Structure formats: C-alpha cells, structure tokens
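Novice: Handing you a structure now.
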Amino acid sequence: MAVSVPLEPVTDRGWLVGFGNMVDKEYASWWRTRRGLVHLLLWLTVINAFLFLVGTDESVARGHNPYETLAELIQVFLRVGGLFATIGVVVSTQSAVLGERQLGTAEWVLSKPLTRPAFLLSKLLVNGLSFLFLAVVIPTVVLYLQSLLHAWMQPPLVPFLGGLSLHVLHLTFYLAFTLVLGTLFRGRGAISGVAIGFLFAGLILPNFFPSLMEWLPWALPSLAALAGMERSLPDGWYLPVITTVLWTLLCVLVALWRFEREEF
Amino acid sequence: MSDTVIRTEKLTKSFNGVQALKSLDLEVPRNSIFGFLGPNGAGKTTTIKLLLGLVRPTSGSAAVFDHDIVGDTIDVRRRIGYLVQEPHYYEYMSAREILRFTARFFYEGPKESIAERVSDTLELVGLADKADRPIEGFSGGERQRLGIGQAQVNKPDLLILDEPAASLDPMGRRDVLAIMEKLREHSTVFYSTHILDDVQRVSDTVAILNEGELIAQASIEELLAGSRGTVYAIELRGDAAAARARLRDQSWVADIHVVPDTDTVEWHVSVSDDRAAEEQLLRLMLADEQTTVTRFGRLTYKLEDVFMDLVEGNGNGS
Chain A
1 MAVSVPLEPV
11 TDRGWLVGFG
21 NMVDKEYASW
31 WRTRRGLVHL
41 LLWLTVINAF
51 LFLVGTDESV
61 ARGHNPYETL
71 AELIQVFLRV
81 GGLFATIGVV
91 VSTQSAVLGE
101 RQLGTAEWVL
111 SKPLTRPAFL
121 LSKLLVNGLS
131 FLFLAVVIPT
141 VVLYLQSLLH
151 AWMQPPLVPF
161 LGGLSLHVLH
171 LTFYLAFTLV
181 LGTLFRGRGA
191 ISGVAIGFLF
201 AGLILPNFFP
211 SLMEWLPWAL
221 PSLAALAGME
231 RSLPDGWYLP
241 VITTVLWTLL
251 CVLVALWRFE
261 REEF
Chain B
1001 MSDTVIRTEK
1011 LTKSFNGVQA
1021 LKSLDLEVPR
1031 NSIFGFLGPN
1041 GAGKTTTIKL
1051 LLGLVRPTSG
1061 SAAVFDHDIV
1071 GDTIDVRRRI
1081 GYLVQEPHYY
1091 EYMSAREILR
1101 FTARFFYEGP
1111 KESIAERVSD
1121 TLELVGLADK
1131 ADRPIEGFSG
1141 GERQRLGIGQ
1151 AQVNKPDLLI
1161 LDEPAASLDP
1171 MGRRDVLAIM
1181 EKLREHSTVF
1191 YSTHILDDVQ
1201 RVSDTVAILN
1211 EGELIAQASI
1221 EELLAGSRGT
1231 VYAIELRGDA
1241 AAARARLRDQ
1251 SWVADIHVVP
1261 DTDTVEWHVS
1271 VSDDRAAEEQ
1281 LLRLMLADEQ
1291 TTVTRFGRLT
1301 YKLEDVFMDL
1311 VEGNGNGS
C-alpha cells in the first residue's frame, strides 16, 4: 500500500509568487491545445509559402544570379514576413489580458496566492517565446531549406542572425505594446486598432518626419533586412535599437503598474 | 490564536464616487457558517472582493486571520478558498487539471500527494467519474461542484463562497449545502446568498447588508427571537370584546393586533414579559365564558420575515 507523503506548502515570498504555475498553465494553453498547431500552419503558409511563390517567380529566377535571389528571399522574409508576423503578434496577444478579464478567469486565479506581476509576466514570457518559436524560428529553418531550393545557397549565418535579432526585437516591442494596451483598454478593437495603427503609421509618418525613425521602432524592419543581407547599415543605426529596447521596457513597466491597480 | 477570522473596521469602497460599501464593521467567528445576506447590489460581492484583494478599499481596514487584506494579501489568500459567483475556468482543462493547477498555488509537492489530494477532492464533490473530461461540456451544477472543489482543494481555514447555490436546481442546492456542512468541520465558511431558506438551514451566524450598510449581525436564534419580540397567536370563536378588554388591562401585554381577512377571530398578542405571558395568557383566555379558544401558540418567524422587516425598515422596501 502506498504511503501518503505530506504535502509541502508553498512558502515563497516576493513579487513573483505563483509565476511557475502560471508559466506551466500558459505553456499548456499553447502546446496542449490546437493553438500551437494553428500558428505553425499559419506561419508556414503566410511566410514560407509566400517565399516559395517569390522564389519561383520568373522575375526573380530570370537573372539566375543566386546572390540576388537569396537577397530577395531574405528581404521578403524579414520585411514582408516581418509585417505579417507583427500583425500576428498583436492579434495573438490582444486577448491575453483582456480575454481573461472578460471571461472572469483573471478574477479566479488572482484570488489564489498569485501576484499580479507573476500573472502578467508569465503571459509576456510564454506568449513571446511560443510566438517567436512558431513565427520566427521554424520559418527561419524552413527558409534555410528553401534558399537551397531557390538559390542553391544559404543566408550567411552571422549577418542573418543579426537581422533576425532586430526582427525579434521589433516583435517583442509589439508584444509588450499590445500587452500594455490590454491593461488600458476594455475592447479588443481598441487594442488591435491602436497597435496596428501604430505599425502602419510607421509606413507613412516618417515620410513627413524622418527623425521619428530614430526614436521609434519603425526603422527596425529595414535595418533587419539590411543586416540579414550583409549590407552596410546607415549611420546611427543603433539609435532606434536602443530606443526600442527602452520603449519595450517602458511598456512592460507601465503594464505592471496599471495591472497592479486593476480591480476585478 | 484569535477567535475572529474576519474583522473589518469602517471598511468603505466607492466606485466613481458611488459608495458600494459604507463603513462596514464585521466580525466573523472561527468555525462558524456565516451567512452574508442582502438584496442584489447590497455590497456583498464587493466585501468579498475586498477581502481577497481583488479590489482596494477606499478607506477603513480589514484583517483575515490577523493579516491585513492590503499589505498581506498573499498571506490572506494562502488560507482562503474562494468560489466566485459565476465561476469560469480554462475550458481546455479537465476537472482534474483545474484542481491540480489550483493546488499548485498552495503546494510544491510531492506530485503524488498533490494527485491524491486532487482525487480526494473530486470524490468529495462527486466529480470523480468526470474528472478527465474537458470542462467545456460541464453543466451548471457540475461547474458549481468543481467550483467548490477548487475552493477547498487546499483545505482552507476560511472558505468564501459567493452565491454558491444561486444558479442551481433544488437537488444541486441540496448537494451544495451538504458539502458546506461537511466542510465546516475544518473551516470557517463565509458565504453570501439571498436564498434565505438555505441560510436558516445551515448557518449559525448571519449578517445583513443593505445599500452598503450593515443593518444586523447576530446568531440565527438571536435574530429570529429579537426581531419582533414575543408574539402569541390566538384563534377564537364567540364575542371577544370582553376578553380583549381584559387582556389590554394586563401590564405585560404590549399590543393586540387583530389579523384581518380571516373567517374566525385571530389575534397576535405582543408581550413584554415572557414569563407572565406563559403563566397567565392562556388561563385568562380560557376563563372567558363568551369565547372558545380554537388555537393558541407562540408565533415562530422565518428568516425571510426578519430579513424583509430589516431591509424594508432600512429604506429598501419599495
């Protein structure tokens, strides 16, 4: 007969009480449901199938210059695929906080020994890692295979990883931005409207106010493409990188501050 | 160790300038089943959410097991099990997963012991045969059972239930009340409701809230006994005028209310001295030769009567 071993009560203290349990729960919501599979198929279709069309397009293949074909693929991957992935991270994250608040599950879990920073940061961490794995890591591996098919060569590893890092930073900013909007607004339309509106503003406003590119994340996709293609970066390229890191941290801090004051 | 589990002092909460809770002073004794009553919008759920740290007080203070509800909210929640009014869970999880997820906020391990606790809880709330089904297919009653299960999987010292039987059919209600009575052996049960029959059946102490104000707090017996004083119901036949005049002359008779719209004569006699009434009232009535007493007895009240008196007397009677 099995001997019952006494349970060990959690005695953790501090601002991350309950974090580990919430992380497990968030991972389960991605990987023990169809959510992960849906994202996998979606990003393979949106990014890699699109790249396949680009790679087999006559105008790209006509020149038979593998370097140009490869550059075209990298450019499309990091700029067009990046745009889709950014919209995807907004849509995927918009209900991370709001959905739980509206369903009442946030009220339920926050009645347990769980701090609000632990609730919020578990979402940031798991949504971020899961999304990046499905919308960046796997499409990148497939890109490396596709580039062999279309150009008979692969992107140079180090420069491409540099470009990919900027792409990841861009996505992380939008993840944090959407998360903070989720703590401020009560409607999904408002959250995604503001986040995607900000994204598209970056395609228009810099034409009138070029200096905005230094202070906001809008320059990152083009910098990522240049870095990925092993082209030289413009002077002061690091400014938008630094400001984006700071904006991302600010978004997380504001989200934590706002969520701490939320009433359920 | 204090005998008071929950203590609030002038606890107040306003939403956009509207006071939902007005200077609440409440004491919940250890190991009681404490019924927290009031009409819709009285402030019951707000009080519960304040205790759990889900909303912040505008002013005043409260302590649960001597832990401040604002500064020590994690310590408070470690000792509480809570059933929300309309429970919602992660639909992709099964009942077993919900309970395991809940238990892991309270226990680090070992895994086998957590699994054993979860199984015991599933048995307690009658969900053992549905334990591994996703809860998206659960009925309202099954969800409520799961709600009670998750609220007590940590064997809390204090169980807070917000309207635990509100959405249940009579059998579901009976089951929930039975579970509550089982749980009182180890816990203090603090529950809000407006189903007064349930309160009278299982509670030992009651507080009544109306428009954010506490209008009564007492044991069920005190509340029932003290609401209208002692009143005797007397039904009789014949000419009752002389008997009535004789009763009026007694110093211990406070009032004689003639119950209207009855075929026979019926009086409700309020008395100020229970002992004098016990010894003399029936004797006086039987001594009258012009009347025949067909029924005599002390009026007993239901909690509903007391509740209505208190709430209507407090200005919510429209």
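Chains A and B supply the protein sequences, listed in that same order. Just so it is clear: in the first sequence, position 222 is 222 by our numbering, and no numbers are missing. Just so it is clear: in the second sequence, position 40 is 1040 by our numbering, and no numbers are missing. Where a beta carbon is used, it is the ideal one built from N, C-alpha and C, also for glycine. Remember, predicted model here, so these are calculated numbers, not experimental data.
Within 10 angstroms of its Cβ, does residue 1285 (chain B) collect 16 or more other Cβ (buried), or is it exposed?
Specialist: Here residue 1285 (chain B) is taken as the residue at index 285 of the second sequence, counted from 1. Residue 1285 (chain B) is buried by the Cβ-count criterion.
Novice: Determine, for residue 1088 (chain B), whether the minimum Cβ-Cβ distance to residues of chain A falls below 7 Å.
Specialist: Locating residue 1088 (chain B) in the second sequence gives position 88, counting from the first residue. At least one chain A Cβ lies under 7 Å of residue 1088 (chain B).
Novice: Give the range of the beta strand (DSSP E) segment to which residue 1252 (chain B) is assigned.
Specialist: In the second sequence, counting from the first residue as 1, residue 1252 (chain B) sits at position 252. First-last for residue 1252 (chain B): undefined, no H or E at that position.
Novice: At a CB-CB cut-off below 7 Å, which residues of chain A make contact with residue 1127 (chain B)?
Specialist: Taking the first residue of the second sequence as 1, we reach residue 1127 (chain B) at position 127. The contacting residues do not exist; residue 1127 (chain B) stays about 17 Å from chain A at best.
Novice: Rounding to the nearest angstrom, what Cα-Cα distance links residue 1117 (chain B) and residue 1104 (chain B) in this structure?
Specialist: The residue you call residue 1117 (chain B) lines up with position 117 of the second sequence. The residue you call residue 1104 (chain B) lines up with position 104 of the second sequence. Approximately 11 Å between the Cα atoms of the pair.
Novice: Entirely within the stretch 1259 to 1309 of chain B and at least 3 residues each: give me those beta strand (DSSP E) ranges in chain order.
Specialist: If we require 3 residues or more, the beta strand (DSSP E) runs fully inside the stretch 1259 to 1309 of chain B come out as 1265 to 1271, 1291 to 1298.
Novice: To the nearest angstrom, how far is the alpha carbon of residue 196 (chain A) from that of residue 1164 (chain B)?
Specialist: What you label residue 196 (chain A) is simply residue 196 of the first sequence in a count that begins at 1. What you label residue 1164 (chain B) is simply residue 164 of the second sequence in a count that begins at 1. Computed Cα separation, rounded: 43 Å.
Novice: Which residues bound the beta strand (DSSP E) around residue 1237 (chain B)?
Specialist: The count along the second sequence starts at 1 and reaches residue 1237 (chain B) at position 237. Unbroken beta strand (DSSP E) run through residue 1237 (chain B): 1230 to 1238.
Novice: Let me confirm a value: residue 192 (chain A) is counted as buried when at least 16 other C-beta atoms fall within 10 Å, else exposed. Which label applies?
Specialist: In the first sequence, the residue the question calls residue 192 (chain A) occupies position 192. Looking at its Cβ environment, which holds 16 or more other Cβ atoms inside 10 Å, residue 192 (chain A) is buried.
Novice: Where residue 1204 (chain B) and residue 1029 (chain B) are concerned, what is the direct C-alpha to C-alpha distance, given to the nearest angstrom?
Specialist: Within the second sequence, residue 1204 (chain B) is the residue found at index 204, counting from 1. Within the second sequence, residue 1029 (chain B) is the residue found at index 29, counting from 1. Cα to Cα, the separation comes out at about 10 Å.
Novice: Between which two residues does the beta strand (DSSP E) carrying residue 1208 (chain B) extend?
Specialist: Here residue 1208 (chain B) refers to the residue found at position 208 when the second sequence is read from its first residue. 1205 to 1210 is the extent of the beta strand (DSSP E) around residue 1208 (chain B).
Novice: Rank B:1040, B:1015, B:1056 by C-alpha distance to the C-alpha of residue 1209 (chain B) and give the top, closest one.
Specialist: Translated into positions along the second sequence, residue 1209 (chain B) becomes position 209. Minimum Cα distance to residue 1209 (chain B) is reached at B:1040.
Novice: When the Cα atoms are used, what is the spatial distance from residue 31 (chain A) to residue 1224 (chain B)?
Specialist: Residue mapping note: residue 31 (chain A) aligns to position 31 of the first sequence, counting from 1. Residue mapping note: residue 1224 (chain B) aligns to position 224 of the second sequence, counting from 1. One C-alpha to the other measures close to 57 Å.
Novice: Within 7 Å (strictly less), CB to CB, does residue 143 (chain A) reach chain B?
Specialist: Counting from one through the first sequence, the residue named residue 143 (chain A) turns up at place 143. By this cut-off, residue 143 (chain A) is not an interface position.
Novice: Helix, strand or coil: which one does DSSP assign to residue 9 (chain A)?
Specialist: Walking along the first sequence from the start, residue 9 (chain A) turns up at place 9. Three-state DSSP puts residue 9 (chain A) in a strand.
Novice: Indicate the three-state DSSP secondary structure (helix, strand or coil) for residue 233 (chain A) in the structure shown.
Specialist: If you number the first sequence from 1, residue 233 (chain A) lands on position 233. Looking at residue 233 (chain A) - three-state DSSP - the assignment turns out to be coil, as it is neither helix nor strand.
Novice: Give the residues of chain A in contact with residue 1110 (chain B), contact being defined as C-beta atoms less than 7 Å apart.
Specialist: Locating residue 1110 (chain B) in the second sequence gives position 110, counting from the first residue. Neighbours of residue 1110 (chain B) on chain A, chain order: 5.
Novice: Secondary structure at residue 1317 (chain B), three-state DSSP: helix, strand or coil?
Specialist: Along the second sequence, one-based indexing puts residue 1317 (chain B) at 317. Low local confidence applies: a pLDDT of 44 at residue 1317 (chain B) is under 50, so the model's placement there is unreliable, and no value is given.
Novice: Take residue 219 (chain A) and list the residues in its own chain whose beta-carbon comes closer than 7 Å to its own, dropping the five residues that flank it on each side.
Specialist: On the first sequence, position 219 is the one that residue 219 (chain A) refers to. The residues are 213, 240.
Novice: Here's the rule: buried if 16 or more other CB atoms are within 10 angstroms of the residue's CB, otherwise exposed. What is residue 232 (chain A)?
Specialist: As a first step, residue 232 (chain A) is located in the first sequence; it is residue number 232 there, counting from the start. Exposed.
Novice: Near residue 1369 (chain B), what residues of its chain come up, given a Cβ to Cβ distance below 7 Å and the 5 sequence neighbours on each side ignored?
Specialist: With chain B covering 1001 to 1318 only, the question about residue 1369 (chain B) has no answer from this structure.
Novice: Under 8 Å: do the stretch 244 to 258 of chain A and the stretch 172 to 181 of chain A share three or more Cβ pairs, one atom per stretch?
Specialist: Yes, the stretch 244 to 258 of chain A is in contact with the stretch 172 to 181 of chain A.
Novice: What is the DSSP secondary structure of residue 1165 (chain B), counted as helix, strand or coil?
Specialist: Translated into positions along the second sequence, residue 1165 (chain B) becomes position 165. Residue 1165 (chain B) falls in the coil class under three-state DSSP.
Novice: Of all Cβ atoms in chain B, is any one closer than 7 Å to the Cβ of residue 1 (chain A)?
Specialist: Translated into positions along the first sequence, residue 1 (chain A) becomes position 1. Confidence at residue 1 (chain A) is low in this model, with a pLDDT of 47, below 50, so its placement is unreliable and the value that follows should be read with caution. With 7 Å as the cut-off, residue 1 (chain A) does not count as an interface residue toward chain B.
Novice: Please name the residue, chosen from B:1166, B:1302, B:1218, that lies closest to residue 1144 (chain B) on a Cα-to-Cα basis.
Specialist: Locating residue 1144 (chain B) in the second sequence gives position 144, where the first residue counts as 1. It is B:1166 whose Cα lies nearest to the Cα of residue 1144 (chain B).
Novice: Can you find a C-beta in chain A that's less than 7 Å from the C-beta of residue 1006 (chain B)?
Specialist: For the purposes of this step, residue 1006 (chain B) is identified with residue 6 of the second sequence, where counting begins at 1. Not one chain A Cβ lies under 7 Å of residue 1006 (chain B).
Novice: When the distance is taken between beta carbons, is residue 1291 (chain B) closer than 7 Å to residue 1240 (chain B)?
Specialist: Mapped onto the second sequence, residue 1240 (chain B) falls at position 240. Mapped onto the second sequence, residue 1291 (chain B) falls at position 291. In this structure, residue 1291 (chain B) lies closer than 7 Å to residue 1240 (chain B) by Cβ.
Novice: How many angstroms separate the CA atom of residue 1051 (chain B) from the CA atom of residue 1016 (chain B)?
Specialist: Indexing the second sequence from 1 puts residue 1051 (chain B) at position 51. Indexing the second sequence from 1 puts residue 1016 (chain B) at position 16. Cα to Cα, residue 1051 (chain B) sits roughly 20 Å from residue 1016 (chain B).
Novice: Tell me the DSSP bridge mates of residue 1216 (chain B)?
Specialist: For the purposes of this step, residue 1216 (chain B) is taken as residue 216 along the second sequence, with counting starting at 1. DSSP output for residue 1216 (chain B) lists B:1208 as bridge partner(s).
Novice: For residue 1055 (chain B), decide whether its Cβ has a neighbour in chain A, counting only Cβ atoms nearer than 7 Å.
Specialist: The residue you call residue 1055 (chain B) lines up with position 55 of the second sequence. Yes, its Cβ sits closer than 7 Å to a Cβ of chain A.
Novice: What are the boundary residues of the alpha helix (DSSP H) that includes residue 117 (chain A)?
Specialist: Residue 117 (chain A) sits at position 117 when you count from the first residue of the first sequence. 116 to 132 is the span of the alpha helix (DSSP H), which, as asked, contains residue 117 (chain A).
Novice: According to DSSP, is residue 1033 (chain B) helix, strand or coil?
Specialist: By one-based count along the second sequence, residue 1033 (chain B) stands at place 33. Strand at residue 1033 (chain B).
Novice: For residue 1023 (chain B), which three-state DSSP category applies?
Specialist: If you number the second sequence from 1, residue 1023 (chain B) lands on position 23. Residue 1023 (chain B): strand per DSSP, three-state reduction.
Novice: Below 8 Å on the Cβ atoms is my contact criterion, and I expect residue 139 (chain A) with residue 1077 (chain B) to pass it. Report the Cβ-Cβ distance as a whole number of Å.
Specialist: Looking up residue 139 (chain A) in the first sequence gives position 139. Looking up residue 1077 (chain B) in the second sequence gives position 77. Actually they are not in contact, since the Cβ atoms of residue 139 (chain A) and residue 1077 (chain B) sit about 42 Å apart, beyond 8 Å.
Novice: Quick check on residue 1004 (chain B): does DSSP put it in helix, strand or coil?
Specialist: In the second sequence, residue 1004 (chain B) corresponds to position 4, counting from 1. DSSP places residue 1004 (chain B) in strand when its eight states are reduced to three.
Novice: Assuming residue 155 (chain A) and residue 74 (chain A) form a contact by the criterion Cβ under 8 Å, report the distance between their Cβ atoms to the nearest whole angstrom.
Specialist: What you label residue 155 (chain A) is simply residue 155 of the first sequence in a count that begins at 1. What you label residue 74 (chain A) is simply residue 74 of the first sequence in a count that begins at 1. Contact flag correct, Cβ pair sits at about 6 Å.
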